[in-house]
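Below: one structure, written as structure tokens.
Here's what the structure looks like:
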């Protein structure tokens, strides 16, 4: 058995995971970032110990612990080099965790962990695989020859930070025109707001008011109801996503390309037009095409991936 | 000993290559595309046989033959699936070649072969490596974990066909705004011409007239002489190249990133400002940086790479 922990900005989610990636039991506690990292780590370990008990297991039944964490991770040394989200800098996460629970621990960038989880659970018979998550930002993970490719310095697979429009919209990373600036939920909300400002009659005003704010579903929901402006926003958003997906495919031609994150819950509404654009503009016109699909694991991919990446 | 053959649109270049990637002897003959593929293949084999004799060797001294060829290559089956440049479609190049010279033969996309040659010759102690060639188009090759990554379908590493400006300049591939459309020699010539049309006084008119036409050196040469418009063209061109290079680095974080092809002969004039831009905008701010440098093998990388890729 393995423990997988997904350390997020809002919640710490953890689970006991078996050899095959099945979650035996899981739980979560709030991250409460402001209290500092040592307290967070103590809670991570306490949650893990509690879950071991709940599963009717002993600590000795656990072979290793995997932690998925946002930011730049030095896997070899067990250090969070930098995380903007959790506010860690050169933080020795593995050593700190082992003060509470002395098991082998592996940390992994959270997007890499999610990609690895989805890969092992849904595509382990393939040799190459890419996952992107369309969430607050756009993250990703790359599997080549069955292994996570993290870059030589563990700073790779920043799939949201390739430019699709040079000198375009400012990105949180400091560059302009990154894929993330257009394809993230944040990007979609900006696009929705801009369209609403120009069209006082769009249904999106009503939906946003009902919801208390504009969110990633506003344009998709209004488009489903036939609202013309919303359809334009949604279709343009899908074109942005397709542009970035196509770029990655032309570079890597992975056997499977998976789209995860909040917006992927739109399913075929997102997937079908996206596939049409990507396949029509793919440089590869003569060889088999990359399979493009929606993620299957959703929120649990981080737990499973962290656990399984620690298994190796 | 190995034979490496670089099949280009203009010339067939070949060489006898030793275990370590040294060329023992080399030669070339014109491709003469219009005469058809079977005649080209016969000439490739004849050139190879001639070089074996010139090197004072017997055919039995040759372990295998590697052929680098533009286009989509089915390595497993020895077939050129499609080559726009040489005009081959589902052409069984390996079988055809072996009618003339019955040795083990491997074919490789020419950019992959060049990347592999440069890798083995100059960076084989590294595990990850990317080469792009700034030539008529923009090609490339990716080495991950010491092996060429061709994509699951052998159609990957099309590093010139990621969009840097969505809906930008039309590319030969049918998409708009590809890296190749801006960073190739063809792109640079277009940028040079456009600047010349707007500035009748730029030195570039004189240089182009002396040379008989605008080429990839026109702006760089005039910029060296202090011409303001040429400096703008050159600097903007370098920004385009940097944008594409940065995109690939954010995705893959290879240990070494090499720039080859005709324009790479500009050396530090290209490299130094490019490194400055890429390092300033790289998403990775905390881990070691990718080494970016100019190719060392130049024209022979194709021969050496094809030979060494066939060695494995």
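Chains as they are written, first to last, in our numbering: chain A, 99 to 410; chain B, 99 to 410.
Cβ atoms here follow ideal geometry from the backbone N, Cα and C, with glycine treated the same way.
Remark: C-beta atoms of residue 262 of chain A and residue 262 of chain B approach each other more closely than 9 Å. Counting C-beta pairs closer than 8 Å gives three or more between the stretch 170–183 of chain B and the stretch 204–221 of chain B, which meets the contact rule.
Contact annotation for residue 384 of chain B against chain A: 170, 179 and 180 [CB-CB distance below 7 Å, chain order].
Contact residues of the stretch 260–272 of chain B toward chain A are 260, 261, 262, 263, 264, 265, 266, 271 and 272 (C-beta to C-beta distance below 9 Å). Residue pairing from DSSP places residue 186 of chain A in a beta bridge opposite A/181. Nearest C-alpha to residue 265 of chain A among B/340, B/108 and B/200: B/340. Just measuring C-alpha positions, the residue of B/157, B/231 and B/289 sitting nearest residue 392 of chain B is B/231.
Residue A/243 holds the alpha-carbon nearest to the alpha-carbon of residue 248 of chain B among A/249, A/248, A/243 and A/250. Look at residue 258 of chain B here: in three-state DSSP terms it is helix.
Listed in chain order, the positions of the stretch 211–242 of chain A with a beta carbon within less than 7 Å of a beta carbon of chain B are 225, 226 and 242.
Using beta-carbon distances, residue 248 of chain B counts as an interface residue toward chain A, with a partner under 9 Å. One Cα belongs to residue 336 of chain A, the other to residue 237 of chain B, and the distance between them is close to 28 Å. Look at residue 252 of chain A: its C-beta is under 9 Å from a C-beta on chain B. Excluding sequence positions up to five before and after residue 192 of chain B, its CB lies within less than 7 Å of the CB of 176, 203 and 205, all in the same chain and listed in chain order. Per DSSP, residue 263 of chain A is not a residue of any alpha helix (DSSP H), being assigned neither H nor E.
Separation of residue 342 of chain A and residue 255 of chain A (C-alpha to C-alpha, rounded to the nearest whole angstrom) is 13 Å.
Judged by their CB atoms, residue 300 of chain A and residue 293 of chain A are nearer to each other than the 9 Å cut-off. Residues of chain B whose Cβ lies closer than 7 Å to the Cβ of residue 257 of chain A are, in chain order, 349.
When Cβ-Cβ separations below 9 Å define contact, residue 335 of chain B makes no contact with chain A. DSSP places residue 100 of chain A in the strand class (E or B) of the three-state scheme. Residue 400 of chain B: member of the alpha helix (DSSP H) spanning 399–407, first to last residue. Under the three-state reduction of DSSP, residue 391 of chain A is assigned to strand. Shown in chain order are the members of the stretch 341–372 of chain B whose Cβ falls below 9 Å from a Cβ of chain A: 341, 342, 344, 345, 346, 347, 348, 349, 350, 351, 352, 353 and 354. Annotation: the continuous beta strand (DSSP E) that includes residue 128 of chain B extends over 121–128.
The beta-carbon of residue 377 of chain B is placed no less than 9 Å from the nearest beta-carbon of chain A. Contacts with chain B at 9 Å (Cβ-Cβ) do not include residue 100 of chain A. Flagged as an interface residue toward chain A: residue 381 of chain B, by a C-beta distance shorter than 9 Å. In this structure, residue 386 of chain A keeps its C-beta atom at 9 Å or more from the C-beta atom of residue 226 of chain A. Residue 117 of chain A: not part of any alpha helix (DSSP H); DSSP gives it neither H nor E. One thing to note: residue 99 of chain A has its Cβ within 9 Å of the Cβ of residue 114 of chain A. Contact with chain A is found for residue 388 of chain B, since one of that chain's Cβ atoms lies less than 9 Å from the residue's Cβ. Setting aside the 5 residues that flank it on each side, residue 119 of chain B is surrounded in the same chain by 215, 218, 219, 402, 405 and 406, each with a C-beta closer than 8 Å to its C-beta; the list follows chain order.
Straight-line measurement puts the Cα of residue 388 of chain B at about 30 Å from the Cα of residue 164 of chain B.
With its beta carbon less than 9 Å from one in chain B, residue 338 of chain A belongs to the interface. The beta carbon of residue 159 of chain B lies closer than 6 Å to those of 99 in the same chain, with the five residues before and after it left out. A residue is called buried once 16 or more other Cβ atoms fall within 10 Å of its Cβ, and residue 348 of chain A is buried on that count.
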